[in-house]
Amino acid sequence: MDMNEAQFKSILSDYGDTVYRVALHILCSVPDSEDVVQQTFTKLWVSDKHYDSEEHLRRWLIRVAVNECKKELRSPRRRIASLDDAATEPEFENDEYREVWEKVKVLDSKYRTAVYLHYYEGYNAEEIAKMTGSTASTVRTRLMRAREQLKNLLGGDENE
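Just so you know, the numbering used here puts 959 at position 138 of the sequence shown, and the rest follows in order with no gaps.
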């Protein structure tokens with residue numbers, strides 16, 4: 822994809838926050854997430870790939886970000902930081918949403934990623950599977966297990 826600087830800045834402006842939030846949910850580290858954003862957009866800049874639509878570009882960026890996060894998680898230099906250190910803590914309408922956010926942050930990365938992409942970004946299991954390199958069945962299982970864990974963490978009733 823041959824793009825000029827103005828087009829690149831526009832894409833960065835439109836999708837930079839999304840890529841950052843995906844990385845932050847996977848890595849729980851602000852500095853590592855910032856590195857992933859930089860690596861993702863560097864790959865976009867040097868890419869000669871053609872994007873059929875804005876949604877195709879968005880999915881490609883998220884897929885690259887997830888892959889970069891996986892590399893980072895395997896890295897021996899991995900730095901650990903808490904999501905509590907995040908400079909961009911989301912705003913919540915009420916305390917219930919904040920409580921759920923706090924519980925989502927303690928989930929294992931594979932569950933946290935599925936929950937974030939499904940509930941926050943609005944992707945279905947098939948789309949998440951393509952982005953994360955897993956199967957749709959695996960994504961649905963992760964979402965189910967994440968909901969079970971969240972219900973237990975939040976003190977949910979069996980009949981809810």
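No residue lacks a Cβ here, since even glycine has one placed at the ideal position from N, Cα and C.
None of these values were measured; they are calculated from a predicted model.
- Of Val857, Trp866, Arg895 and Ser930, the smallest CA-CA separation from His846 is found for Ser930.
- Spanning the alpha carbons of Lys830 and Glu947 requires a straight line of approximately 30 Å.
- For Cys890, the uninterrupted alpha helix (DSSP H) segment begins and ends at Glu875 to Arg895.
- Just measuring C-alpha positions, the residue of Tyr836, Asn888 and Leu928 sitting nearest Lys972 is Leu928.
- Per DSSP, reduced to three states, the secondary structure at Val927 is coil, with no helix or strand assignment.
- The C-alpha of His939 lies about 16 Å from the C-alpha of Lys924.
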